[in-house]
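Numbering (this note's numbering), first residue to last: 768 to 1090. Ideal Cβ placement from N, Cα and C applies to all residues, glycine included. If you're wondering where the values come from, they're calculated on a predicted model, not measured in any experiment.
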């Protein structure tokens, strides 16, 4: 567990990200894909149902022994919390109410955020748009690890710790790479989230609140679903910076595994991404992909050629427009 990884820097490239060119090429050949660019109104009812289910769980754990609170936080709470983050991902692309009701999507994202415990929905939207526009851009894309992460988490044991610490790292990394001024909506997101957390504590008690927080931390750390964090863009195969996953966990994650398809067409809801792959099969069937996020996590830790440095980075050319 002490061997150091061989990579000492990011994979610097001098080409643009591949998604814009592939999108233009696919749309020229298959213009019918444009018909898939529409909101998924079912997302509204799915999210409301998930919030209600999590609140039932919050009630049910309030009188359990602590060991069972932690057990259910990992077995159930972690799954629904991480699934909700991917619903918020869909909402950040205005896929609940559509682009013409962008503010409705922001408010709905704040609502979906409530059972997660920590306010992040509004901030995620701002940084995630940068990730799509400027994939791999130095100093802009906060999905890219910091130099410190690449330097320090350089052994199998340290990479294992890095996987566990993902929720904390993702929370603080933006402030190191691309800090943004706080917006009014972010303040509202914070105040409403704090009020909801106080509500849970007052009416259900400390065990219910711990269930919410630990479930979120567990779900984003050492968890099968969290394998998508690494699977999406870590360069397990040189020359590729985005990878799709076609395994069964897509059912619980709004098809976030269809990640090449998503970056090619971010305005298409997750439920329609398999149709994109089917229509433009010759573009996607030949791309490397995964069928197991658990294997991705295992390979990331055990492969001494892979580390947080295993990301494609680029210096931006031309004008940059940030939120």
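Could you give the distance in angstroms between the alpha-carbon of residue i and the alpha-carbon of residue j?
| i | j | result |
| --- | --- | --- |
| residue 1016 | residue 1055 | 18 Å |
| residue 836 | residue 978 | 6 Å |
| residue 1018 | residue 991 | 13 Å |
| residue 1049 | residue 789 | 12 Å |
| residue 787 | residue 840 | 40 Å |
| residue 893 | residue 876 | 12 Å |
| residue 1036 | residue 970 | 36 Å |
| residue 1087 | residue 972 | 47 Å |
| residue 874 | residue 770 | 47 Å |
| residue 1045 | residue 1030 | 16 Å |
| residue 780 | residue 914 | 17 Å |
| residue 909 | residue 869 | 23 Å |
| residue 938 | residue 820 | 26 Å |
| residue 912 | residue 1075 | 6 Å |
| residue 995 | residue 881 | 23 Å |
| residue 863 | residue 1038 | 12 Å |
| residue 793 | residue 967 | 48 Å |
| residue 960 | residue 867 | 26 Å |
| residue 1033 | residue 925 | 34 Å |
With 16 other CB atoms within 10 Å as the buried threshold, where does residue i fall?
| i | result |
| --- | --- |
| residue 929 | buried |
| residue 1072 | exposed |
| residue 833 | exposed |
| residue 800 | buried |
| residue 809 | exposed |
| residue 923 | buried |
| residue 954 | exposed |
| residue 1028 | buried |
| residue 798 | exposed |
What are the start and end residues of the beta strand (DSSP E) that includes residue i?
| i | result |
| --- | --- |
| residue 828 | It is not in any beta strand (DSSP E) - residue 828 carries neither H nor E in the DSSP assignment. |
| residue 780 | 778 to 780 |
| residue 771 | Segment: none, residue 771 is in no beta strand (DSSP E) and carries neither H nor E. |
Taking the continuous alpha helix (DSSP H) assigned at residue i, which residues delimit it?
| i | result |
| --- | --- |
| residue 1068 | 1060 to 1069 |
| residue 1048 | 1048 to 1051 |
By Cβ distance below 6 Å, which residues in the same chain neighbour residue i in space, the five residues on each side in sequence not counted?
| i | result |
| --- | --- |
| residue 895 | 859 |
| residue 785 | none |
| residue 898 | 908, 910 |
Who are the near neighbours of residue i in its chain, counting only those whose CB is closer than 7 Å to its CB and skipping five residues on each side?
| i | result |
| --- | --- |
| residue 999 | 1009, 1010, 1026 |
| residue 828 | 836, 839, 974, 975, 978 |
| residue 1013 | 1024, 1056, 1058 |
| residue 927 | 1068 |
| residue 1042 | 803 |
| residue 851 | 817, 879, 882, 883 |
Please name the residue or residues paired with residue i in a DSSP beta bridge.
| i | result |
| --- | --- |
| residue 1079 | 778 |
| residue 904 | 1081 |
| residue 1012 | 1057 |
| residue 981 | Note: residue 981 sits in no beta bridge, so no partner. |
I'd like the list of long-range same chain contacts for residue i, defined as Cβ closer than 8 Å, with 5 residues on each side in sequence excluded.
| i | result |
| --- | --- |
| residue 843 | 824, 982 |
| residue 906 | 944, 945 |
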